[in-house]
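Student: If you count by this note's numbering, then the sequence shown holds residues 3 to 455, one letter each, in order. A single structure is presented below for examination.
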Amino acid sequence: MAASAASAAIPQFPRDFVWGVSTSAHQIEGAVDERGPSVWDAFTAMPGRVKDGTTAAIACDHYHRYREDVSLIRELGVDAYRFSVSWPRVLPTGAGEMSAAGLDFYDRLVDELCAAGVRPVPTLFHWDTPLALADAGGWLRRDTAERFAEYAAVVADRIGDRAKKWITLNEPAEHTLLGHALGQHAPGEQLMFDALPVAHHQLLAHGLAVRALRAAGVTDIGIANSHGPTWPASSSAADTEAADFYDVLLNRLFADPLLLGQYPEGIGELMPADDLEADLKVIAEPIDWYGINFYQPTKVGAPLPAATPTEFSGLTLPPELPFSPREIAGRPVTDFGWPVVPESLTELLIDFRDRYGDRLPPLVITENGCSYEGIDDQRRIDYLDGHIRALHRALEEGVDVRGYFVWSLMDNFEWAEGYRQRFGLVHVDYTTLERTPKASYAWLRETLRAQRA
3 MAASAASAAI PQFPRDFVWG VSTSAHQIEG AVDERGPSVW DAFTAMPGRV KDGTTAAIAC
63 DHYHRYREDV SLIRELGVDA YRFSVSWPRV LPTGAGEMSA AGLDFYDRLV DELCAAGVRP
123 VPTLFHWDTP LALADAGGWL RRDTAERFAE YAAVVADRIG DRAKKWITLN EPAEHTLLGH
183 ALGQHAPGEQ LMFDALPVAH HQLLAHGLAV RALRAAGVTD IGIANSHGPT WPASSSAADT
243 EAADFYDVLL NRLFADPLLL GQYPEGIGEL MPADDLEADL KVIAEPIDWY GINFYQPTKV
303 GAPLPAATPT EFSGLTLPPE LPFSPREIAG RPVTDFGWPV VPESLTELLI DFRDRYGDRL
363 PPLVITENGC SYEGIDDQRR IDYLDGHIRA LHRALEEGVD VRGYFVWSLM DNFEWAEGYR
423 QRFGLVHVDY TTLERTPKAS YAWLRETLRA QRA
């Protein structure tokens, strides 16, 4: 999209549409010595795991500077702030004794948000499994799902009187595939398709947490799943079959059980459940809305003949995968190498509406954003402008979307990339920790003012 395209006014969204920004605990909080250890602490301590050799020990030091960050959120003018609660900050070993200091931090954060007129939207799990639970088997064990529900109840009991909109899990697909199948995120396991129990236990944890939150009086619950359209590289049978398999693995494996109460064909029998039907009833516990994290579509073809790993979107993919992601030619890319295709967001939302019909609750875009260097970040403005317009086109087509959250409020620790990728509306100097709002911050602030005029 040309820079001039962002000059026209964004179409008006409904008055009750929720605008927000997102972050996650491990990526911004720092203060690692003031909480229990997580799998990401162990992972980043291993040489070569993070591309720039850094850790999130300090990150943005949000734990100590949260008031400054809430002030930035207030000045931005969004309705809501989506943050994650660090499980090991609340329960240092994942279960048992609670940390008073950890709970106090989230208590203060929620109070600060409420005083600023910003709705707190906590996410209970954004990949930072307590290390003690991981060492005992982690998400490969059913017990972790049960511990997660207990943790959900603890957090809801503390901040549920003020936090009304909740997210159980963030991107269980990525945590399964990158963390347990390919080994490129924590905990670094390379189980390939033997990682499927991780998917099942996370989905089960979601359902159990929904029940725990309901019991605590929470009435507005969703999940944040990552999704994107899958395009076959050609019309050949081999490419179409590979694309269909990829779509099942990245999209339907994590949406069908939640929305339809069943796994895609051939998947259920691979799951570790004595009573799969009973588990699916828990997984499909009704939710109030369904969150979608959207970044890009993916073009997929049959495996390429080269028997060597391939690089794709910052990942190293082993040759034994039954599909091969391909480049989407003719499109600009972000600093992460992700193609910028705003209209594919419209496509995805219409596809979800058509696929799930009346089983689909209202949608919320829980993450959308891009990695670009620079404080004068016109390319980020163009990206957000294009995707917000694409979202509006989906509304015009009758898709029930209730909110949009930008990833991310500020630059942060970008997992295995370290600090090499900057997704923030606010620039963070990682030496001084100084925050500097970018041009995109000012653009979004003015866009939201126009929406409310």
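Using N, Cα and C, we set each Cβ at its ideal position, and we do this for glycine too.
Can you tell me which of D81, A455, G140 and D159 puts its alpha carbon nearest to the alpha carbon of V92?
Tutor: Ranking the options by Cα distance to V92, first place goes to D159.
Student: Just verifying my parser: in three-state terms, what is the DSSP assignment at P199?
Tutor: P199: helix per DSSP, three-state reduction.
Student: Select from Y248, W340, R382 and P49 the residue whose C-alpha is nearest the C-alpha of G190.
Tutor: Residue P49 is the option with its Cα nearest to G190.
Student: What's the gap between the Cα of I223 and the Cα of D290?
Tutor: Answer to the nearest angstrom: the Cα atoms are 5 angstroms apart.
Student: For G104, count neighbouring C-beta atoms within 10 Å of its own C-beta (all shown protein chains included) and say buried if the count is 16 or more, exposed if not.
Tutor: By the 10 Å Cβ count, G104 comes out buried.
Student: Taking the alpha carbon of F325 as the reference point, which residue from V123, L198, V250 and D43 has its own alpha carbon closest?
Tutor: Out of V123, L198, V250 and D43, V250 has the C-alpha closest to the C-alpha of F325.
Student: Please state whether DSSP places N370 in a helix, a strand or coil.
Tutor: Residue state, collapsed to three classes: coil.
Student: How close, in whole Å, do the beta carbons of A134 and T95 come, if the pair is a contact with beta carbons under 8 angstroms?
Tutor: Confirmed, Cβ separation roughly 4 angstroms.
Student: Could you check how far apart the C-beta atoms of Q423 and S373 are, in whole angstroms? I think they sit under 8 angstroms.
Tutor: Q423 to S373, Cβ: 4 angstroms. Contact.
Student: Check for me: the alpha helix (DSSP H) holding S73 runs from which residue to which?
Tutor: Run containing S73: H64 to L78, per the alpha helix (DSSP H) assignment.
Student: For the segment 258-265 against the segment 300-310, are there 3 or more C-beta pairs whose distance is under 8 angstroms?
Tutor: In short, these stretches do not touch, since the Cβ pair count stays below three.
Student: With distance defined between alpha-carbon atoms, name the residue in S315, P344 and D54 nearest to D337.
Tutor: D337 has its Cα closest to that of S315, out of S315, P344 and D54.
Student: Please determine, among F15, D18, F19 and T25, the residue with the shortest C-alpha to C-alpha distance to V428.
Tutor: Ranking the options by Cα distance to V428, first place goes to T25.
Student: From L365, R437 and D18, pick the residue whose C-alpha is nearest to that of L518; which is it?
Tutor: Residue 518 lies beyond the range of the chain shown here (3 to 455); nothing can be said about it.
Student: Helix, strand or coil for M194? Go by DSSP, reduced to three states.
Tutor: Helix.
Student: Please classify K440: does DSSP put it in a helix, a strand, or coil?
Tutor: Coil, per DSSP.
Student: Could you compute how far the alpha carbon of N370 sits from the alpha carbon of D277?
Tutor: Whole-angstrom Cα-Cα distance: 37 angstroms.
Student: Ignore the nearest five residues each way along the sequence and tell me which others in E313's own chain have a CB closer than 8 angstroms to its CB.
Tutor: Same-chain partners within the cutoff: L319.
Student: Counting beta carbon pairs with one atom in the segment 148-168 and one in the segment 183-197, are three or more of them shorter than 8 angstroms?
Tutor: No: fewer than three Cβ pairs fall under 8 angstroms.
Student: Where does the unbroken alpha helix (DSSP H) through L282 begin, and where does it stop?
Tutor: L278 to I285 is the span of the alpha helix (DSSP H), which, as asked, contains L282.
Student: Per DSSP, S40 is paired with what?
Tutor: Per DSSP, P132.
Student: For A11, count neighbouring Cβ atoms within 10 angstroms of its own Cβ and tell me buried if that reaches 16, exposed if not.
Tutor: Per the 10 Å Cβ criterion, exposed.
Student: Along the chain, where does the beta strand (DSSP E) that runs through V157 open and close?
Tutor: Segment R144 to I161 is the alpha helix (DSSP H) holding V157; no beta strand (DSSP E) there.
Student: Is it true that the segment 203-223 meets the segment 341-361, where meeting means three or more beta-carbon pairs spaced less than 8 angstroms apart?
Tutor: Segments in contact, no.
Student: Run through the DSSP bridge pairs and tell me what E243 is partnered with.
Tutor: DSSP output for E243 lists no bridge partner at all.
Student: Answer yes or no: do H203 and T242 have a C-beta to C-beta separation smaller than 8 angstroms?
Tutor: Not closer than 8 angstroms, so no.
Student: Would you tell me roughly how many angstroms separate the C-alpha atoms of R391 and H208, rounded to the nearest one?
Tutor: Going from the Cα of R391 to the Cα of H208 covers about 31 angstroms.
Student: Among residues of its own chain, excluding the 5 on either side of A44, which ones have a beta-carbon nearer than 8 angstroms to its beta-carbon?
Tutor: Within the same chain, A44 has close Cβ partners L133, A136, A188 and P189.
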